[in-house]
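Chemist:
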Amino acid sequence: MVRGGSSAVLCAAAVLMLAGCGQRAAEAGYESAEDLPEQLQKDGTTILVGDPGARVTVHLYEDPRCPACQEFETKGASPKLREEMLVRRVRTEYTLASFLDDRVGGSGSKKAVNALRAALEEGKFVEYHEVLYANQPEESVDGYTDAHLLELAGEVKGLRGPEFDAAVKSMKYRSFVTASEKAYEEAGGVQEPEGPGTPTAVINGRRLPAEYNGLLFDGHTFVKLLRQIHGKPWEWEQAEL
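Quick note on the numbering used here: the sequence shown kicks off at 362 and runs consecutively.
#1: Cβ of F486 within 8 Å of Cβ of A480?
#2: What does the alpha-carbon distance come out to for the pair V448 and A389?
#3: Excluding sequence positions up to five away, which residues of its chain have a Cβ less than 7 Å from the Cβ of Q400?
#4: What does DSSP give as the partner residues of L421 in its beta bridges?
#5: With H, G and I counted as helix, E and B as strand and the rest as coil, what does DSSP make of L409?
#6: Exposed or buried, which one is E488 when buried takes at least 16 other CB atoms within 10 Å?
#7: So what does L401 bridge to, in DSSP terms?
#8: In whole angstroms, give me the CA-to-CA distance for M378 and P440.
#9: Which same chain residues end up closer than 6 Å to H591 when comparing Cβ atoms and leaving out the 5 residues on each side of it in sequence?
#10: Under the assumption that Y458 contacts T559 (Cβ atoms under 8 Å), give the Cβ distance between them as a whole number of angstroms.
#11: Among the candidates F460, G515, V529 and S501, whose CA atom is the shortest distance from the CA of Y482?
#12: How long is the line joining the alpha carbons of P498 and K472, rounded to whole angstroms?
#13: Thinking C-beta only, is S468 closer than 8 Å to P425?
#14: Could you check whether E445 and L587 sit closer than 8 Å to each other, using their CB atoms as the reference points?
#15: Can you tell me whether R568 is helix, strand or coil according to DSSP?
#16: To which residues of the same chain is E500 closer than 8 Å at the C-beta, ignoring the five residues directly before and after it?
Quick look at the structure:
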């Protein structure tokens with residue numbers, strides 16, 4: 362996809378959004394983020410949030426300690442993406458990496474991924490994921506300690522409890538953390554054996570090219586692209602990227 366062609370594609374999105382809802386337009390949306398369905402996929406590492414039948418799938422690769430991921434989640438396109446999830450146009454899949462522990466030192470990424478998996482078990486992944494990024498420590502500081510993760514969990518109604526607390530303290534989902542990091546690395550393929558970088562977005566099976574990663578930090582433009590894909594998914598599937 363060339364930049365000029367991309368601009369033309371995005372300009373058409375405003376028109377496409379009127380016709381793009383298709384047969385699902387009449388289906389009621391979710392009232393809030395807390396109502397979004399969330400589940401672990403059969404591969405054992407992918408966390409699915411939103412309507413499983415949504416026409417557009419955005420697969421995100423993130424590391425909890427990644428500053429760029431925080432920017433995406435708090436100031437970038439994530440809030441707009443959430444709106445599309447609420448009206449059932451988009452579902453989001455997450456693969457949680459933890460490579461920054463090895464690069465920067467510490468165990469904060471692994472502990473945070475384990476805690477997020479524990480939150481999923483309680484049906485609170487969406488809320489906890491949002492809280493963690495809103496309170497992300499500096500990348501160089503190994504700030505996701507057990508105590509801090511539990512403190513932040515206290516901001517999510519109904520999350521704290523004996524099972525969740527024990528899962529955080531004991532790294533109950535250590536095997537998930539390891540498998541999830543492996544899935545992240547495998548997503549990079551031969552050219553990127555250490556993983557594709559974070560955040561990375563794959564939309565309907567096609568990776569957003571690195572030169573267009575800026576869209577992840579421009580909510581309005583990113584949503585225009587998603588709405589166009591929703592309206593005419595075959596154009597995205599056939600586009601030269």
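Note that CB positions come from ideal geometry on N, CA and C, so glycine has one too.
Computed from a prediction, not measured in an experiment: that's the story for all the values here.
Modeler: On the basis of the supplied data:
#1: Here residue 486 is taken as the residue at index 125 of the sequence shown, counted from 1. Here residue 480 is taken as the residue at index 119 of the sequence shown, counted from 1. Contact flag set, yes.
#2: Looking up residue 448 in the sequence shown gives position 87. Looking up residue 389 in the sequence shown gives position 28. The straight-line gap from Cα to Cα measures roughly 7 Å.
#3: Taking the sequence shown and counting its residues from 1, the one referred to as residue 400 is at position 39. The answer, listed in chain order, is L409.
#4: Counted from its first residue, the sequence shown places residue 421 at position 60. Beta-bridge pairing links L421 to Y455 and A562.
#5: As a working mapping, residue 409 is identified with position 48 in the sequence shown. Correct three-state label for L409: strand.
#6: Reading the sequence shown from its first residue, position 127 is the one you call residue 488. Per the 10 Å Cβ criterion, buried.
#7: One-based indexing of the sequence shown puts residue 401 at position 40. According to DSSP, L401 bridges with I408.
#8: One-based indexing of the sequence shown puts residue 378 at position 17. One-based indexing of the sequence shown puts residue 440 at position 79. For M378, the predicted model reports a pLDDT of 38, less than 50, meaning its position is unreliable; a value from the coordinates is still stated below. The straight-line gap from Cα to Cα measures roughly 18 Å.
#9: Reading the sequence shown from its first residue, position 230 is the one you call residue 591. Answer for H591: G381, R416, V417 and R450, listed in chain order.
#10: Here residue 458 refers to the residue found at position 97 of the sequence shown. Here residue 559 refers to the residue found at position 198 of the sequence shown. The sequence as given places Ala at residue 458; Tyr does not occur at that position. Yes, A458 and T559 are in contact; Cβ-Cβ is about 6 Å, under 8 Å.
#11: Stepping through the sequence shown from its first residue, residue 482 is reached at position 121. The question names Tyr, but residue 482 in the sequence shown is Glu. Nearest of F460, G515, V529 and S501 to E482, Cα basis: V529.
#12: On the sequence shown, residue 498 is found 137 positions in, with the first residue counted as 1. On the sequence shown, residue 472 is found 111 positions in, with the first residue counted as 1. Approximately 13 Å, taken between the alpha carbons.
#13: Mapped onto the sequence shown, residue 425 falls at position 64. Mapped onto the sequence shown, residue 468 falls at position 107. Result no, Cβ atoms of P425 and S468 do not sit closer than 8 Å.
#14: Indexing the sequence shown from 1 puts residue 587 at position 226. Indexing the sequence shown from 1 puts residue 445 at position 84. The answer is yes: Cβ separation under 8 Å.
#15: Within the sequence shown, the letter at position 207 stands for residue 568. Strand.
#16: Start at 1 with the first residue of the sequence shown, and residue 500 comes out as number 139. Cβ neighbours of E500 beyond the five flanking positions: R426, C427, P428, L461 and V465.
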